[in-house]
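Before any comments, here is the structure.
Number of protein chains: 4
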Amino acid sequence: MAGSKFAYVRNFELPDPLLPEAFMVLRIDGHAFHRLSEEHNFVKPNDERALQLMDHAARDVMNEFKDIILAFGESDEYSFLFRRSASLYNRREAKILTTITSLFTSSYVFNWSKYLSDTPLKYCPSFDGRIVLYPTATVVRDYLSWRQADTHINNLYNTVFWALVLKGGQTTTEAHATLRGTVSSQKHEMLYSRFGINYNELPARFRKGSVLVREEVSDTTEARSGPETDKAAASDPGEPVPTSGKKAQKKKPRVRTTVELYHCDIIGDEFWDCRQNLLADS
Amino acid sequence: MAGSKFAYVRNFELPDPLLPEAFMVLRIDGHAFHRLSEEHNFVKPNDERALQLMDHAARDVMNEFKDIILAFGESDEYSFLFRRSASLYNRREAKILTTITSLFTSSYVFNWSKYLSDTPLKYCPSFDGRIVLYPTATVVRDYLSWRQADTHINNLYNTVFWALVLKGGQTTTEAHATLRGTVSSQKHEMLYSRFGINYNELPARFRKGSVLVREEVSDTTEARSGPETDKAAASDPGEPVPTSGKKAQKKKPRVRTTVELYHCDIIGDEFWDCRQNLLADS
Amino acid sequence: MAGSKFAYVRNFELPDPLLPEAFMVLRIDGHAFHRLSEEHNFVKPNDERALQLMDHAARDVMNEFKDIILAFGESDEYSFLFRRSASLYNRREAKILTTITSLFTSSYVFNWSKYLSDTPLKYCPSFDGRIVLYPTATVVRDYLSWRQADTHINNLYNTVFWALVLKGGQTTTEAHATLRGTVSSQKHEMLYSRFGINYNELPARFRKGSVLVREEVSDTTEARSGPETDKAAASDPGEPVPTSGKKAQKKKPRVRTTVELYHCDIIGDEFWDCRQNLLADS
Amino acid sequence: MAGSKFAYVRNFELPDPLLPEAFMVLRIDGHAFHRLSEEHNFVKPNDERALQLMDHAARDVMNEFKDIILAFGESDEYSFLFRRSASLYNRREAKILTTITSLFTSSYVFNWSKYLSDTPLKYCPSFDGRIVLYPTATVVRDYLSWRQADTHINNLYNTVFWALVLKGGQTTTEAHATLRGTVSSQKHEMLYSRFGINYNELPARFRKGSVLVREEVSDTTEARSGPETDKAAASDPGEPVPTSGKKAQKKKPRVRTTVELYHCDIIGDEFWDCRQNLLADS
Chain W
1 MAGSKFAYVR NFELPDPLLP EAFMVLRIDG HAFHRLSEEH NFVKPNDERA LQLMDHAARD
61 VMNEFKDIIL AFGESDEYSF LFRRSASLYN RREAKILTTI TSLFTSSYVF NWSKYLSDTP
121 LKYCPSFDGR IVLYPTATVV RDYLSWRQAD THINNLYNTV FWALVLKGGQ TTTEAHATLR
181 GTVSSQKHEM LYSRFGINYN ELPARFRKGS VLVREEVSDT TEARSGPETD KAAASDPGEP
241 VPTSGKKAQK KKPRVRTTVE LYHCDIIGDE FWDCRQNLLA DS
Chain U
1 MAGSKFAYVR NFELPDPLLP EAFMVLRIDG HAFHRLSEEH NFVKPNDERA LQLMDHAARD
61 VMNEFKDIIL AFGESDEYSF LFRRSASLYN RREAKILTTI TSLFTSSYVF NWSKYLSDTP
121 LKYCPSFDGR IVLYPTATVV RDYLSWRQAD THINNLYNTV FWALVLKGGQ TTTEAHATLR
181 GTVSSQKHEM LYSRFGINYN ELPARFRKGS VLVREEVSDT TEARSGPETD KAAASDPGEP
241 VPTSGKKAQK KKPRVRTTVE LYHCDIIGDE FWDCRQNLLA DS
Chain A
1 MAGSKFAYVR NFELPDPLLP EAFMVLRIDG HAFHRLSEEH NFVKPNDERA LQLMDHAARD
61 VMNEFKDIIL AFGESDEYSF LFRRSASLYN RREAKILTTI TSLFTSSYVF NWSKYLSDTP
121 LKYCPSFDGR IVLYPTATVV RDYLSWRQAD THINNLYNTV FWALVLKGGQ TTTEAHATLR
181 GTVSSQKHEM LYSRFGINYN ELPARFRKGS VLVREEVSDT TEARSGPETD KAAASDPGEP
241 VPTSGKKAQK KKPRVRTTVE LYHCDIIGDE FWDCRQNLLA DS
Chain G
1 MAGSKFAYVR NFELPDPLLP EAFMVLRIDG HAFHRLSEEH NFVKPNDERA LQLMDHAARD
61 VMNEFKDIIL AFGESDEYSF LFRRSASLYN RREAKILTTI TSLFTSSYVF NWSKYLSDTP
121 LKYCPSFDGR IVLYPTATVV RDYLSWRQAD THINNLYNTV FWALVLKGGQ TTTEAHATLR
181 GTVSSQKHEM LYSRFGINYN ELPARFRKGS VLVREEVSDT TEARSGPETD KAAASDPGEP
241 VPTSGKKAQK KKPRVRTTVE LYHCDIIGDE FWDCRQNLLA DS
């Protein structure tokens, strides 16, 4: 056959399986989103439409890959947590990493106009991704706490910063100078005394980020209860077909699941106490 | 600081540099493109619009990443060859792999309507990617020969297959049966005698695939000569800004380059003899 | 400097850190020990002197590397379990793997004449090694159970096999044929009825393998209690100086430890219930 | 079977093949050899017996592993270069790395008394090892040049240093101070004017290190010509049986090879011009 004398080059494709039974977290980050947000006039300090678009892309990923049990998003990043025993693509790292990063990107571009309908996309946004393994449930929780603490720190800073600029008339340089060295309580006070803003009353989405959780549904209750179940997205004909889900259903007694969106605390124990199965050993 | 006690989780992010001075090839493959082509009524056996869209996405990648010296595309896959001494992102594997796979995907979705204007995209297409290292120029050429031989084999098969189905009235099952065990010369003969098709006169794009090459331009000739230089794409405001190019220009005496598209043989020596710098040691 | 223009070659030495907080097991296997045992007339089915030599080499390794909490040996292999949070050599895989495999080999050759005093070593024995990561305590226990089950299976077979050959007058071919298809109970019966051997009364070392455990000692009891504490080895001037131990002592309130040798069951829970700290999260 | 329910733990043993067609260099380094040389009264600045012992261990490795084409040794380190297409152990990294580091260690301990006959080995010496891949012949030569330049720099320094201490009556602190900031020509001058030593007349072994090369022998000349062919070692009944050699002989027309020891320059072109096959593409 014509190609056979070249086929030896396949030997250079080395295996890259990820360690079994370690938790995988795949984190996606926007590439040069500072410029993207400038060029498309994102609202400061938070553009709810852009955040909802991120959530939509993340939900598409979770609908396609049933091994993902939780995702946490903030700003231009999203972290996907797989169940410990996930075996998709035989845990081949590049395959998992690129397929999911690609699907997320695709959904972001595909759905852009649904959320930023009056702002045509000017050029191609892109994301990078990485997979990190965590051997224990403790480290997984600390990872997620790290991201949510980061959300809080960044959002508090940005909220005061843009208040100083947009309402206080400071230049961006002046606003950075005003904030230099301030601690959290001083930023709260500054927001309240100068601008009448009670930080804790700002939308939870901005303060806590987005938490997508795969929840089990008993067949009688029929998934009615989700706080923000995005039914439209779930039945969107544009959604990828959840082929991996079909296989999963064969293995076990059928448990229907739904992906719910919350903007809640995941640093404390309460969230986890209510979902003990999430990080349980398989 | 609130987040600091969790920051230790960064220690789980392990380094993943690729071996220096080995050629990298990043290959992108469509995910479930059989279904995508069905659902969007791609022309059989080749949809020129869909192939042009692939070429467009590949060109966007090459405009952004100047370390890529050549790309080869066929069907729903594209291979990107980096110059031996490429040092982008300090050769971190996941960063390179995901950024480029994501940008390709983004461009594919973003530009879909330019090429398949009467066929709205129904859902999110996605791609997977992998990076393979090849230590020698010989193996790199054999890799590219392997892909182009594959193009030929698949295209010949598909051309006869769809002639049997679309013009010969066979079912797909019958067409596969007709072709079973036939060698290349028999397929040529079948095409010619039954359908009056001279395989060698079919478009080179279908028979040879797409070869994107970064060619140097002397400042006087001004890049006029390219066979299919896609000027529109090059000046498209939607193109990513080639930031890495700016850095590259600082390092060396300025050599302008342009990305040219060919549908030519890259298995024989002629192509390479004319471009001896391409695979030269750095 | 003369060497500086070549020093760039260090860039090809890529980092190889092992995932933090995963349990490491380093397993060493004899290279071509079938031939070694033939050439040096090891007693069949078990040569106690050769097993003691293996134990001695393993103890030397544990004296040098305080992060190893347990080791299990049988035949010509030894597995070393590190505590979860082990940070020796910054968890660089090749450094840990080779240093320990080399020290084990060195001790095996160095101490050969102490155990096989009438059998001069004829040539250089060697070992290979590998490090495997296990994310959970459950898998670590299953790994060790796998090795001890293997010890039992092999030893039962070999014990009957060599009884048939050495006492029953069978050729090795006949003995293999006699044993083909027999289950465990049949082998026990064969041993007892034909050769008067009660398998369960054979030395535990042969049936259970060797378990070396780092045990904590309260300063009053002074490490008197070990079942087979090899005092001679511990005070041998030829022992490597436990430099890593000195550092460890700085970090924590001083806890003296001693390495004890057992030939006990480690598949059931009893061993582990008595040593709950061993696999505890750090 | 008793062990089968635990056998899943083998899934945690991940593949580790090295990139094909890249040159492998395995470098072995003595662990804490400063102390070893002190405790065993090695002659300063070079102990020829200890260097010969290193050469012996390296030769044992090359006799066992026919894929090694060249080795370079200095002080307590040895680098082994494999032919580009080496396929031993299917290029599994840990297997190659540990087997060779172990055999080297074993030979070092086993043969100690042949070279340091009046200095009994007091404790177990050990080595670490690493494998580094180099994609091109150029980088391989630069690697070897780097090591030989290092040999020169260290040996010149040590020669003057120990002359100052042993013949010049300086303390080691004084000797380091005397040498601080001196360049090569000053060290040469100091050696000659104060101690009457012409550096270039010192033994080549000390100045150039040891180069072991696998040379082809025509059947008529019968390997008589080697400058230092260590016949004793080659016929030593304690040598490992070169099993891999037997396989190699089946594949190709029989070419006898012998391992020759030189202490010559390998930075310049002459050595390589005489041995053009050594780094040739396979």
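Chains as they are written, first to last, in UniProt numbering: chain W, 1 to 282; chain U, 1 to 282; chain A, 1 to 282; chain G, 1 to 282.
A virtual CB, placed ideally from N, CA and C, is assigned to each residue, including glycine.
All of these numbers come straight from a predicted model, not from anything done at the bench.
> Which first and last residues belong to the alpha helix (DSSP H) in which S106 of chain W is found?
Replying inline: Start and end: E93 to Y115.
> Can you tell which of W:P15, W:K187 and W:D67 has the C-alpha that lies nearest to the C-alpha of Y157 of chain W?
Replying inline: Checked all of W:P15, W:K187 and W:D67; the closest Cα to Y157 of chain W is W:K187.
> Under 8 Å between the Cβ atoms of L19 of chain A and L19 of chain W?
Replying inline: The Cβ-Cβ distance between L19 of chain A and L19 of chain W falls below 8 Å.
> Using the beta-carbon count (16 or more within 10 Å), is S126 of chain G buried or exposed?
Replying inline: Under a 10 Å Cβ-count criterion, S126 of chain G is classified as buried, with 16 or more other Cβ atoms of the shown protein chains found around its own Cβ.
>> Just to confirm before moving on: does the CB-CB distance between L121 of chain A and F110 of chain G stay below 8 Å?
In response: For L121 of chain A and F110 of chain G, yes; Cβs fall inside 8 Å.
>> With three or more beta-carbon pairs closer than 8 Å as the criterion, would you say the segment 132-151 of chain W touches the segment 181-198 of chain W?
In response: In short, these stretches do not touch, since the Cβ pair count stays below three.
> Whose C-beta lies closer than 7 Å to the C-beta of K247 of chain W among residues of the same chain, with five residues either side of it excluded?
Replying inline: Since pLDDT at K247 of chain W reaches only 43, below the 50 mark, its modelled position is unreliable, and the value read off the structure follows with that caveat. Contacts found: none.
>> Give me the chain G residues within the contact set of N120 of chain W, using Cβ-Cβ distance strictly less than 7 Å, ordered along the chain.
In response: According to the sequence displayed, residue 120 of chain W carries Pro and not Asn. Residues of chain G passing the Cβ test: none, with the nearest at roughly 45 Å.
>> Could you tell me the alpha carbon to alpha carbon distance between P15 of chain W and D16 of chain G, rounded to whole angstroms?
In response: If I take the Cα positions, the gap works out to 8 Å.
>> Just to confirm the assignment: which complete alpha helix (DSSP H) runs, minimum length 4, are found wholly within the segment 23-89 of chain A?
In response: Taking 4 residues as the shortest admissible run, the segment 23-89 of chain A contains the following complete alpha helix (DSSP H) segments, listed from N- to C-terminal end: 33-39 and 48-64.
> Along the chain, where does the beta strand (DSSP E) that runs through L212 of chain W open and close?
Replying inline: Where L212 of chain W is concerned, the enclosing beta strand (DSSP E) stretches over S210 to V217.
>> Please report the distance separating the alpha-carbon of S113 of chain W from that of T119 of chain W.
In response: Taking C-alpha positions only, S113 of chain W is separated from T119 of chain W by approximately 8 Å.
>> Within 10 Å of its beta-carbon, does C124 of chain U have 16 or more other beta-carbons around it, so buried, or fewer, so exposed?
In response: Its Cβ being crowded by 16 or more others within 10 Å, C124 of chain U is buried.
> What are the residues that DSSP puts in a beta bridge with I131 of chain G?
Replying inline: Per DSSP, G:L26.
>> Let me make sure I understand the geometry here. Which of A:A175, A:Q276 and A:P45 has the alpha-carbon closest to that of H34 of chain A?
In response: Ranking A:A175, A:Q276 and A:P45 by Cα distance to H34 of chain A puts A:P45 first.
> Are any of the Cβ atoms in chain U nearer than 8 Å to that of A22 of chain G?
Replying inline: Under the Cβ criterion of 8 Å, A22 of chain G is counted among the residues facing chain U.
> How is residue 307 of chain G classed by DSSP in three states: helix, strand or coil?
Replying inline: Summary: the structure shown does not reach residue 307 of chain G, with chain G confined to residues 1 through 282, and so no result is reported for it.
> Taking 8 Å as the CB-CB limit, is L179 of chain G close to chain A?
Replying inline: Put simply, the CB of L179 of chain G is far from chain A, with every gap to its CB atoms at 8 Å or more.
>> Within the continuous alpha helix (DSSP H) that includes K167 of chain G, where are the two ends?
In response: It is not in any alpha helix (DSSP H) - K167 of chain G carries neither H nor E in the DSSP assignment.
>> Across the segment 160-177 of chain A and the segment 51-71 of chain A, are there enough close Cβ pairs to call them in contact, namely three or more that are closer than 8 Å?
In response: Fewer than three Cβ pairs drawn from the segment 160-177 of chain A and the segment 51-71 of chain A lie within less than 8 Å of each other, which leaves the two stretches out of contact.
> Rounded to a whole number of angstroms, what is the C-alpha to C-alpha distance between L166 of chain G and V160 of chain G?
Replying inline: Taking the straight line joining both Cα atoms gives about 10 Å.
> At a Cβ threshold of 8 Å, is V259 of chain G touching chain A?
Replying inline: No, its Cβ sits nowhere closer than 8 Å to a Cβ of chain A.
> How is the alpha helix (DSSP H) around A149 of chain U delimited, first residue to last?
Replying inline: The continuous alpha helix (DSSP H) containing A149 of chain U extends over residues A137 to W162.
> What span of residues does the alpha helix (DSSP H) with K187 of chain G cover, start to end?
Replying inline: If you look at K187 of chain G, you'll find it in the alpha helix (DSSP H) that goes S184 to F195.
> For P17 of chain W, which residues in chain G fall below 8 Å Cβ to Cβ?
Replying inline: Within 8 Å Cβ-Cβ: L14 and P15.
> So with Cβ pairs under 8 Å, would you call N11 of chain W a contact of chain G?
Replying inline: So yes, N11 of chain W belongs to the interface.
> Rounded C-beta distance between I100 of chain W and G129 of chain W? I'm assuming under 8 Å.
Replying inline: Going by Cβ atoms, the distance from I100 of chain W to G129 of chain W rounds to 7 Å, so yes, they are a contact pair.
> To which residues of the same chain is Q148 of chain A closer than 8 Å at the C-beta, ignoring the five residues directly before and after it?
Replying inline: So the qualifying residues of the chain are F72, E74, K208, G209, D265, I266 and I267.
>> Tell me the residue span of the alpha helix (DSSP H) that contains T172 of chain W.
In response: DSSP places T172 of chain W in the uninterrupted alpha helix (DSSP H) bounded by T172 to L179.
> Does any CB atom of chain G fall closer than 8 Å to the CB of L133 of chain U?
Replying inline: Judged by the 8 Å Cβ criterion, L133 of chain U is in contact with chain G.
> V139 of chain W touches chain A at which residues, Cβ-Cβ below 8 Å?
Replying inline: Listed along chain A, the residues sitting closer than 8 Å to V139 of chain W by beta-carbon distance are E21.
> L133 of chain A and M24 of chain A look like a contact to me (Cβ under 8 Å); what is the Cβ gap, rounded to whole Å?
Replying inline: Contact between L133 of chain A and M24 of chain A holds: CB atoms are separated by about 6 Å, below the 8 Å threshold.
> Candidates A:S85, A:Y262 and A:L116: which alpha carbon is nearest L279 of chain A's?
Replying inline: Selection A:S85, A:Y262 and A:L116 evaluated against L279 of chain A yields A:S85 as nearest (Cα-Cα).
> Residue range of the alpha helix (DSSP H) that D16 of chain U falls in?
Replying inline: First-last for D16 of chain U: undefined, no H or E at that position.
>> One question on the structure: do W146 of chain G and F12 of chain A come within less than 8 Å of each other, judged by their Cβ atoms?
In response: A distance of 8 Å or more separates the beta carbons of W146 of chain G and F12 of chain A.
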